[in-house]
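Q:
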Amino acid sequence: MFTGIVQGMGEITAVTEETNFRTHTVRLPAHMAGNLQTGASVAHNGCCLTVTAVRGCEATFDLMRETLEKTNLGRLKTGDAVNLERAARFGDEIGGHVMSGHIIATTAITRIEQSGRNRTVWFTLPPELSPYILTKGFIGLDGCSLTIGEVDANAFCIHLIPETLSATLFGRRRPGDLINVEIDAQTQAVVDTVTRILAQSNGRNA
Numbered sequence: 061m062f063t064g065i066v067q068g069m070g071e072i073t074a075v076t077e078e079t080n081f082r083t084h085t086v087r088l089p090a091h092m093a094g095n096l097q098t099g100a101s102v103a104h105n106g107c108c109l110t111v112t113a114v115r116g117c118e119a120t121f122d123l124m125r126e127t128l129e130k131t132n133l134g135r136l137k138t139g140d141a142v143n144l145e146r147a148a149r150f151g152d153e154i155g156g157h158v159m160s161g162h163i164i165a166t167t168a169i170t171r172i173e174q175s176g177r178n179r180t181v182w183f184t185l186p187p188e189l190s191p192y193i194l195t196k197g198f199i200g201l202d203g204c205s206l207t208i209g210e211v212d213a214n215a216f217c218i219h220l221i222p223e224t225l226s227a228t229l230f231g232r233r234r235p236g237d238l239i240n241v242e243i244d245a246q247t248q249a250v251v252d253t254v255t256r257i258l259a260q261s262n263g264r265n266a
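Sequential numbering from 61 applies to the sequence shown in our numbering.
1. Have a look at the DSSP bridge pairing and note the partners of serine 101.
2. Is the shortest distance between the beta-carbon of glycine 134 and the beta-carbons of chain B less than 9 Å?
3. In angstroms with no decimal places, state the Cα-to-Cα distance between glycine 68 and glutamine 260.
4. With distances taken from CA atoms, which of Ile243, Ile221, His157 is nearest glutamate 316?
5. Under DSSP, the beta strand (DSSP E) around serine 175 begins and ends at which residues?
6. Please report the residue range of the beta strand (DSSP E) in which glutamate 242 lies.
7. Is the separation between the beta-carbon of alanine 100 and that of threonine 110 shorter than 9 Å?
8. Given this structure, state the Cα-to-Cα distance separating serine 160 from phenylalanine 62, to the nearest angstrom.
9. Between asparagine 214 and the rest of its own chain, which residues show a CB-CB distance below 6 Å, the 5 nearest in sequence each way excluded?
10. Would glycine 200 pass as a contact of glycine 70 if the rule is Cβ separation under 9 Å?
11. With a cut-off of 8 Å on the beta carbons, I'd call serine 205 and glycine 156 a contact; round off their distance for me.
12. Kindly indicate which residue of Asn80, Gly139, Ala119 has the alpha-carbon position closest to the one of arginine 125.
13. Going by DSSP, what residue range makes up the alpha helix (DSSP H) through leucine 128?
14. Given arginine 171, which residues of its chain have a CB within under 7 Å of its CB, disregarding the five upstream and five downstream residues?
15. Could you have a look at threonine 73 and say whether DSSP puts it in helix, strand or coil?
16. Where are the alpha helix (DSSP H) runs, 4 residues long or more, that stay fully inside the region 192-250, in chain order?
17. Measuring alpha carbon to alpha carbon, tell me which of Met92, Ala90, Phe150, Leu220 ends up nearest glycine 176.
18. If I'm right that valine 241 touches threonine 167 with Cβ under 8 Å, what's the distance once you round it to whole angstroms?
19. Return helix, strand or coil for glutamate 153, following the three-state DSSP convention.
20. I think leucine 123 touches glycine 134, with their Cβ atoms under 8 Å apart; what is that distance to the nearest whole Å?
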């Protein structure tokens, strides 16, 4: 489980490619590396990965085909940065919202609007996700717990404060970049349940 509060940005220091499989090594910020052990979970751009080896501040992770197909992690190269969050522990403050680290899709940034120190980022709205992306609802984007701004038929936006821009990759993102998406589990459960009940009711009344 994660909270969507990015704890730091790591650097990819090595990548090993195989067929439909990849291993990469990340240098974590020192404050995130303490007591990190094999088997621990660390979110990379919101995607939960398992530590397979630890050496100092560097940790290695395996990425299988499903991860490479559903996320932006397969695009990472040596020297690239990645948003990181270690798994939440009981008693931790939930500053964002509860996130699983399961990426459902990616979406592209379509435009970025700057207004003083604030920034609004617009994204393509994948049709299959439109029922779950609601104005003022929660969404996970590259591991950041964010509040959805406006939503229209083909796009949605988020509003970012300077702290988010400096602490995460969003300060470096540009139009065309692919972003990992995790929809809010509670929103998905409510929407899917209501949809199923309505479908059953319509079937009985047909």
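Just so you know, even glycine gets a beta-carbon here, dropped at the ideal spot from N, CA and C.
No experiment lies behind these values; they were computed from the predicted model shown.
A: Quick answer:
1. Thr110
2. Among the chains of the structure shown, chain B does not appear; only one protein chain is present.
3. A straight-line Cα-Cα distance of about 46 Å links glycine 68 and glutamine 260.
4. Coverage of the chain is limited to positions 61 through 266, which leaves residue 316 absent and any answer about it impossible.
5. 165-175
6. 238-243
7. yes
8. 6 Å
9. Leu185
10. no
11. 3 Å
12. Asn80
13. 125-130
14. Trp182, Pro235
15. strand
16. 222-227
17. Leu220
18. Sure, about 5 Å apart at Cβ, within 8 Å.
19. coil
20. That belief holds up - the Cβ atoms of leucine 123 and glycine 134 are roughly 7 Å apart, short of 8 Å.
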